[in-house]
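Residue numbers (the working numbering), protein chains in the order written: chain B, 5 to 500; chain U, 6 to 158.
Note sheet for the following structure.
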């Protein structure tokens with residue numbers, strides 16, 4: 005156990021590897037900052053260049069990108085309500101209201117501390133669970149996953165800021181939008197609107213996110229005018245605020261632990277991804293909070309929940325190295341890099357190349373530290389932009405965001421999609437429909453449908469969801485989620 | 006017809022569209038869209054009737070401010086700017102569109118001195134070129150006038 009760790013640590017001290025991990029972390033941070041352009045693009049660009057590198061150096065480069073992307077995404081989420089990465093989109097909901105109150109530094113510090121804690125927790129889980137990963141993966145089959153997604157949707161609809169009824173409408177709409185395109189089970193093209201190509205793969209997620217968050221927000225800036233941080237609100241000092249953010253983390257140990265666990269577990273489940281982990285953690289925090297109505301209004305717990313769950317990439321390393329099954333798109337690229345270097349990840353890989361596993365673990369830790377240090381230093385500059393007149397920000401953010409929507413697939417129609425989604429999201433928000441449930445429904449809808457169909461294919465028994473202990477427990481939790489607010493309401497009426 | 010009613014009816018129509026079209030698919034493909042579509046239809050009908058009988062006050066703008074009296078006109082103006090940007094993007098390509106859009110927005114829309122607007126627009130376009138083209142090796146859209154083609158819809 006110790007020898008491979010020493011090999012990995014020794015390699016980490018070599019100047020070439022220090023440079024590579026630094027380069028990877030800065031690239032991850034930069035790609036994370038740009039809306040619509042994900043760290044996957046950075047990894048894809050660098051993949052061919054790693055062939056000449058020693059495998060351990062290539063791993064340090066890749067893991068640097070992977071580890072730093074989520075914090076980069078959180079910076080723009082918190083400062084401008086525009087997620088740089090889909091995996092940190094939920095940080096918008098409470099991080100941005102904190103910025104508007106003049107607490108940008110605190111929100112960024114909180115996000116940094118949460119991401120760091122989540123990563124550390126994920127690494128401990130990774131090290132501890134390597135021998136048990138098989139049992140965890142098997143415990144979560146399609147029925148359990150379907151119930152898990154339903155649980156997430158139920159919690160967010162009930163606790164959505166504003167109106168539960170409208171929250172359910174937009175959650176349903178999100179699910180409906182997510183099923184557009186080819187059905188992966190039956191192969192039927194659904195709701196194609198006459199498209200002969202563009203909608204075959206469904207609505208493009210990065211372009212949709214750019215529209216809902218960035219374009220919708222820019223319309224809001226244009227209409228309201230002024231500055232992002234409220235006029236008259238004094239901006240916190242960056243370092244003082246950051247320290248306050250770090251301290252705030254210690255006041256919410258339950259949310260910290262909860263988010264870290266959610267991120268780690270979702271990461272282990274193949275094919276689910278960080279975006280789901282991010283939103284699921286947020287919804288769970290909202291549901292278990294004593295003050296769910298303060299979510300979406302700058303509750304620090306919302307930022308903690310969103311950011312601790314960004315450790316899903318750490319969890320996703322588990323099935324990648326243990327079975328050769330990537331837990332996320334980023335780990336799929338990592339798997340590609342390992343294969344390019346002649347390795348076959350699987351049970352034997354852990355035994356024979358443990359030094360590479362340790363390199364990934366150490367690399368993730370260092371990448372998080374580099375990203376947070378560089379990110380916080382750079383965010384100081386970015387935070388000042390929130391005091392600028394929005395007339396300068398509107399065209400700039402719009403141009404960069406729409407370019408991001410285009411760059412993901414280099415498809416012109418994604419720009420039009422982002423504009424349409426932005427106008428629609430602005431309308432939803434102005435007429436009191438929560439956008440958060442639309443986004444969560446959209447992210448989880450297709451996964452839920454796939455899990456539902458796979459469950460029925462397993463046994464043809466529609467009651468399969470109630471016959472397996474984990475899915476039955478999740479169903480019971482859904483019932484509780486709907487019952488508790490109703491009971492609370494009845495009780496308060498009786499008291500009155 | 007008020008904007009709120011129109012928006013509610015549009016959501017109702019969207020739900021009805023999904024249910025109606027789903028009816029034409031084979032059972033396995035329509036199960037979830039039908040179920041969720043009917044659910045949305047019922048809930049949105051409830052919202053529409055409720056708000057028609059007892060309209061709620063408009064929520065404040067994000068961040069707490071009151072919406073300006075000419076909100077509709079401002080939204081329409083912003084939409085026109087975005088449509089213009091998309092048209093420039095399609096015809097002249099990413100870089101020229103970015104330069105022209107930011108310059109026009111600041112100089113004509115926000116009355117910034119032309120040299121200031123040109124400086125901001127030029128600076129951002131140059132940054133995009135360095136970042137996307139030189140460093141990240143993205144292929145920016147060249148525009149229909151410069152050899153670009155429309156991707157299939």
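All C-beta atoms, glycine included, are put in the ideal place defined by N, C-alpha and C.
Sequence-distant residues of its chain with Cβ nearer than 7 Å to residue 122 of chain B (five each side left out):
Along the first chain, read from residue 1 onward, the residue named residue 122 of chain B stands at position 118. Closer than 7 Å at the Cβ level, and outside the excluded window around residue 122 of chain B, lie 263, 264, 267, 311, 312, 313, 314, 315.
Three-state secondary structure assigned by DSSP to residue 247 of chain B
In the first chain, residue 247 of chain B corresponds to position 243, counting from 1. Here residue 247 of chain B sits in helix by DSSP.
What residues match up with residue 193 of chain B in a beta bridge as DSSP calls it?
By one-based count along the first chain, residue 193 of chain B stands at place 189. DSSP lists B:186 as partners of residue 193 of chain B.
Between residue 381 of chain B and residue 83 of chain B, how many whole angstroms is the CB-CB distance? I'm expecting something under 8 Å.
By 1-based counting over the first chain, the position of residue 381 of chain B is 377. By 1-based counting over the first chain, the position of residue 83 of chain B is 79. Not quite, the Cβ-Cβ distance comes to about 14 Å (not below 8 Å), so this is no contact.
What does residue 39 of chain U touch in chain B if you count any residue whose Cβ is under 9 Å from its own?
Locating residue 39 of chain U in the second chain gives position 34, counting from the first residue. Near residue 39 of chain U there are no residues of chain B at all, since even the closest Cβ is about 10 Å away, more than 9 Å.
As assigned by DSSP and simplified to three states, the class of residue 231 of chain B
As a working mapping, residue 231 of chain B is identified with position 227 in the first chain. In the structure shown, residue 231 of chain B sits in a strand (DSSP, three-state: E or B).
Around the Cβ of residue 297 of chain B, are there at least 16 other Cβ atoms within 10 angstroms (buried) or fewer (exposed)?
Working through the first chain from its first residue, we reach residue 297 of chain B at position 293. Exposed is the call here.
Chain U contact for residue 194 of chain B (CB, 8 Å cutoff)
Here the question's residue 194 of chain B lines up with position 190 in the first chain. For residue 194 of chain B, the answer is yes, since a Cβ of chain U falls inside 8 Å of its Cβ.
I want to see whether chain U comes within less than 8 Å of residue 189 of chain B, judged by CB atoms only; does it?
If you number the first chain from 1, residue 189 of chain B lands on position 185. True, the Cβ-Cβ gap to chain U drops below 8 Å.
Distance, Cα to Cα, residue 24 of chain B vs residue 68 of chain B?
Your numbering for residue 24 of chain B matches position 20 in the first chain. Your numbering for residue 68 of chain B matches position 64 in the first chain. Between residue 24 of chain B and residue 68 of chain B, the C-alpha separation is close to 8 Å.
Residue 470 of chain B and residue 299 of chain B closer than 8 Å at C-beta
Position 466 of the first chain holds residue 470 of chain B. Position 295 of the first chain holds residue 299 of chain B. Contact flag unset, no.
Tell me the rounded alpha-carbon separation between residue 147 of chain B and residue 319 of chain B.
Here the question's residue 147 of chain B lines up with position 143 in the first chain. Here the question's residue 319 of chain B lines up with position 315 in the first chain. Approximately 21 Å, taken between the alpha carbons.
Compare the C-alpha of residue 150 of chain U against each of U:48, U:26, U:94 and name the closest.
In the second chain, residue 150 of chain U corresponds to position 145, counting from 1. The shortest Cα separation from residue 150 of chain U among U:48, U:26, U:94 belongs to U:94.
So, is the C-beta of residue 89 of chain B closer than 8 Å to a C-beta in chain U?
Walking along the first chain from the start, residue 89 of chain B turns up at place 85. Answer no: the Cβ-Cβ gap between residue 89 of chain B and chain U never drops below 8 Å.
Show which residues of chain U have a CB atom less than 8 Å away from the CB atom of residue 61 of chain B.
Indexing the first chain from 1 puts residue 61 of chain B at position 57. Going along chain U, no residue has its Cβ under 8 Å from residue 61 of chain B, so there is no contact; the nearest lies around 21 Å.
Counting contacts by CB-CB distance shorter than 8 Å, is residue 493 of chain B in contact with chain U?
Sequence index remark: in the first chain, residue 493 of chain B carries index 489 (1-based). For residue 493 of chain B, no CB of chain U lies under 8 Å from its own CB, so it is not counted at the interface with that chain.
Could I get the ranges of all uninterrupted alpha helix (DSSP H) runs contained in the stretch 15-41 of chain B, with 4 residues as the minimum, in chain order?
Restricting attention to alpha helix (DSSP H) runs no shorter than 4 residues, the stretch 15-41 of chain B encloses them at 19-37, ordered along the chain.
Less than 8 Å between the CB atoms is what I'm expecting for residue 360 of chain B and residue 63 of chain B, so what's the real figure, rounded?
Here residue 360 of chain B is taken as the residue at index 356 of the first chain, counted from 1. Here residue 63 of chain B is taken as the residue at index 59 of the first chain, counted from 1. Contact flag correct, Cβ pair sits at about 6 Å.
Select from B:184, B:42, B:172, B:72 the residue whose C-alpha is nearest the C-alpha of residue 371 of chain B.
Within the first chain, the letter at position 367 stands for residue 371 of chain B. Residue B:72 is the option with its Cα nearest to residue 371 of chain B.
8 Å Cβ cut-off: residues of chain B touching residue 160 of chain U
With chain U running from 6 to 158 in the structure shown, residue 160 of chain U is simply not present.
Could you check the C-alpha separation between residue 200 of chain B and residue 105 of chain U for me, to the nearest Å?
Locating residue 200 of chain B in the first chain gives position 196, counting from the first residue. Locating residue 105 of chain U in the second chain gives position 100, counting from the first residue. So the alpha carbons of these two residues sit roughly 32 Å apart.
Positions along the stretch 439-457 of chain B whose CB lies within less than 7 Å of some CB in chain U
453, 456, 457
Distance, residue 11 of chain B Cα to residue 212 of chain B Cα
Counting from 1 along the first chain, the entry for residue 212 of chain B is found at position 208. Counting from 1 along the first chain, the entry for residue 11 of chain B is found at position 7. Straight-line Cα distance between these residues: approximately 44 Å.
Length of the line joining the Cα atoms of residue 466 of chain B and residue 218 of chain B:
Along the first chain, one-based indexing puts residue 466 of chain B at 462. Along the first chain, one-based indexing puts residue 218 of chain B at 214. For residue 466 of chain B and residue 218 of chain B, the distance between alpha carbons rounds to 41 Å.
DSSP on residue 501 of chain B, reduced to helix/strand/coil?
Since the first residue of chain B shown is 5 and the last is 500, residue 501 of chain B is not available in this structure.
With a threshold of 8 Å between beta carbons, is residue 139 of chain U in contact with chain B?
Translated into positions along the second chain, residue 139 of chain U becomes position 134. Output row for residue 139 of chain U: interface = no.
So, with DSSP's three-state summary, where would you put residue 75 of chain U?
Locating residue 75 of chain U in the second chain gives position 70, counting from the first residue. Here residue 75 of chain U sits in coil by DSSP.
Check the Cβ-Cβ distances between residue 57 of chain U and every residue of chain B, and say whether any is below 8 Å.
Start at 1 with the first residue of the second chain, and residue 57 of chain U comes out as number 52. Answer no: the Cβ-Cβ gap between residue 57 of chain U and chain B never drops below 8 Å.
Measuring alpha carbon to alpha carbon, tell me which of U:87, U:81, U:76, U:137 ends up nearest residue 228 of chain B.
Walking along the first chain from the start, residue 228 of chain B turns up at place 224. For the residues U:87, U:81, U:76, U:137, the minimum Cα distance to residue 228 of chain B belongs to U:76.
Going by Cα to Cα distance, which pick from U:34, U:25, U:51, U:53 is closest to residue 42 of chain U?
Locating residue 42 of chain U in the second chain gives position 37, counting from the first residue. Looking at the Cα atoms, U:25 is the closest of the given residues.
Could you tell me whether the Cβ atoms of residue 117 of chain B and residue 249 of chain B are closer together than 8 Å?
For the purposes of this step, residue 117 of chain B is taken as the residue at position 113 of the first chain. For the purposes of this step, residue 249 of chain B is taken as the residue at position 245 of the first chain. Taking the C-beta atoms as reference points, residue 249 of chain B is found nearer than 8 Å to residue 117 of chain B.
Going straight from the alpha carbon of residue 158 of chain U to that of residue 445 of chain B, what length do you get?
In the second chain, counting from the first residue as 1, residue 158 of chain U sits at position 153. In the first chain, counting from the first residue as 1, residue 445 of chain B sits at position 441. Their Cα atoms are separated by approximately 25 Å.
Are the beta-carbon atoms of residue 221 of chain B and residue 256 of chain B separated by less than 8 Å?
Along the first chain, one-based indexing puts residue 221 of chain B at 217. Along the first chain, one-based indexing puts residue 256 of chain B at 252. No, Cβ-Cβ distance for residue 221 of chain B and residue 256 of chain B is not below 8 Å.
Return helix, strand or coil for residue 204 of chain B, following the three-state DSSP convention.
For the purposes of this step, residue 204 of chain B is taken as residue 200 along the first chain, with counting starting at 1. Of the three classes helix, strand and coil, the one that applies to residue 204 of chain B here is coil, per DSSP.
Classification of residue 488 of chain B by the beta-carbon crowding that lies within 10 angstroms, buried from 16 upward
On the first chain, position 484 is the one that residue 488 of chain B refers to. The residue in question, residue 488 of chain B, is exposed, as its Cβ has fewer than 16 Cβ neighbours within 10 Å.
With a threshold of 7 Å, establish whether the CB of residue 174 of chain B neighbours any heavy atom of the ligand FAD.
In terms of ligand content, the structure shown is empty, and the ligand FAD therefore cannot be addressed.
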